[in-house]
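All you need for the working numbering is the position in the sequence shown, starting with 1, plus 70.
Every residue gets a Cβ at the ideal spot worked out from N, C-alpha and C, and that includes glycine.
Right, one structure below, let's go through it.
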Amino acid sequence: MRLKYVLSEVLTGLWRNVTMTIAMIITMTVSLTMLGASLLLFFQVNKMEDFFYQRVEVSIFLKADVTDDQRASIKSALDNSALVKEVTHESQDEAWERFKTQFRDAPDLVNATKKDSLPESYRVKLKDPTKVKELSDEIRSQEGISDIVDQQELLKKVFELLGALQALALTVAIVQGAAALLLVANTIQVAAYSKRREVAVMKLVGASNWFIQLPFVLEAVFAGLIGALLAFGGLVAAKFFFIDGSLKALANVLLPIDWGSIWLMLPVLAGAGGLVSAITAWITLRFYVRV
Numbered sequence: 071m072r073l074k075y076v077l078s079e080v081l082t083g084l085w086r087n088v089t090m091t092i093a094m095i096i097t098m099t100v101s102l103t104m105l106g107a108s109l110l111l112f113f114q115v116n117k118m119e120d121f122f123y124q125r126v127e128v129s130i131f132l133k134a135d136v137t138d139d140q141r142a143s144i145k146s147a148l149d150n151s152a153l154v155k156e157v158t159h160e161s162q163d164e165a166w167e168r169f170k171t172q173f174r175d176a177p178d179l180v181n182a183t184k185k186d187s188l189p190e191s192y193r194v195k196l197k198d199p200t201k202v203k204e205l206s207d208e209i210r211s212q213e214g215i216s217d218i219v220d221q222q223e224l225l226k227k228v229f230e231l232l233g234a235l236q237a238l239a240l241t242v243a244i245v246q247g248a249a250a251l252l253l254v255a256n257t258i259q260v261a262a263y264s265k266r267r268e269v270a271v272m273k274l275v276g277a278s279n280w281f282i283q284l285p286f287v288l289e290a291v292f293a294g295l296i297g298a299l300l301a302f303g304g305l306v307a308a309k310f311f312f313i314d315g316s317l318k319a320l321a322n323v324l325l326p327i328d329w330g331s332i333w334l335m336l337p338v339l340a341g342a343g344g345l346v347s348a349i350t351a352w353i354t355l356r357f358y359v360r361v
């Protein structure tokens, strides 16, 4: 009987303040979507760092007019270096074929790139990836070398950019979350004020504070859970239509987000939306509204 009464009060409260309830759900949806996106980005950047840093190489690009003797001298210097773990030669034809394969889903990029822009190179893996400068000092004097590129430095710049995007997404999520919490608190205050007479009667007949507060708390939890479900739906749609759709060509450059990570967001967002809404509602009732 009590459960039936509490549920009926929740539905009545939600309908009585339907516009504020909708606003609360929308705000929760936006903030939880940003939170889920920032968490996915955080996990993805960490996964990408582990993946790419394990495969980092030093690229030694050769001049277009490099001679056979110069090429052999460079190869000999690399083979005899105590810093080098493995050396792979890549001709211009091989570089072009690899480029076409790697970007086969981006034909415009392939068509805009000329074969001559992909120089011959040596791909070097070091025993210690931090010894790039030492290797560079060893072989830079060799004739026929055009440039020495440390992939780790390039990746570092990319991950610094991704880290900034992480921080930006998390900041937006926090700001949106704060707005959602303020809206939850305001909605609960309005709901409690509109039922102040009923609350007064219930207190006169001996109803406990928890019994009086529970419908208001459940209203906030309901809005939080609906917002979490909508936010999860947004992440699923983004995965289906963008990550696996229009942005699929980037899968060769960026690691794809797997469905396991997406499904992990459902309990995370539901827990965050429901729990935070419940705590906000309880604090509002406890300290700002006398019920």
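When DSSP states are grouped into helix, strand and coil, residue 158 belongs to the strand group. Ranked by Cα distance from residue 206, the options 151, 190, 229 are led by 151. Taking 9 Å as the cut-off, the beta carbon of residue 133 is found closer than this to the beta carbon of residue 215. Using a C-beta cut-off of 8 Å, the segment 183-194 makes contact with the segment 155-171, since at least three inter-stretch Cβ pairs fall below that distance. Distance from the CA atom of residue 131 to the CA atom of residue 200, rounded to whole angstroms, is 20 Å. By the neighbour-count criterion, in which a residue is buried when 16 or more other Cβ atoms sit within 10 angstroms of its Cβ, residue 284 is buried.
A check of alpha carbon separations from residue 287 across 164, 344, 106 identifies 344 as the nearest. Each of 258, 213, 333 was checked against the Cα of residue 145, and the nearest Cα belongs to 213. Spanning the alpha carbons of residue 129 and residue 118 requires a straight line of approximately 20 Å. Pairwise C-beta distances place the segment 287-301 in contact with the segment 332-350, as three or more of them are shorter than 8 Å.
The beta carbons of residue 98 and residue 297 sit about 3 Å from each other, so the pair counts as a contact at 8 Å. Residue 332 has its alpha-carbon roughly 24 Å from the corresponding atom of residue 248. Residue environment analysis places residue 95 among the buried positions, since at least 16 neighbouring C-beta atoms fall within 10 angstroms of its C-beta. By the 16-neighbour rule on beta-carbons within 10 angstroms, residue 230 is exposed.
Annotation for residue 235: 111 place their beta carbon closer than 8 Å to its own, counting only its chain and skipping 5 residues before and after. Distance from the CA of residue 115 to the CA of residue 310, rounded to the nearest whole angstrom, comes to 20 Å.
Residue state for residue 95 is assigned as helix, using DSSP reduced to three classes. DSSP places residue 194 inside the beta strand (DSSP E), whose first and last residues are 191-196. Counting along the chain, residue 132 sits inside the beta strand (DSSP E) bounded by residues 128-132.
Exclusion of the five residues before and after residue 327 leaves 110, 114, 309, 313 as the residues of its chain whose Cβ lies within less than 7 Å of its Cβ. For residue 106, the closest alpha carbon among the candidates 127, 334, 219, 136 is that of 334. Check the Cα spacing between residue 218 and each of 202, 142, 176, 177: the tightest is with 202.
Buried is the label assigned to residue 289, since at least 16 other Cβ atoms lie within 10 Å of its Cβ.
Distances from the alpha-carbon of residue 186 to those of 198, 175, 166 put 166 closest.
Contact annotation: residue 245 and residue 294 have beta-carbon atoms that are not nearer than 9 Å.
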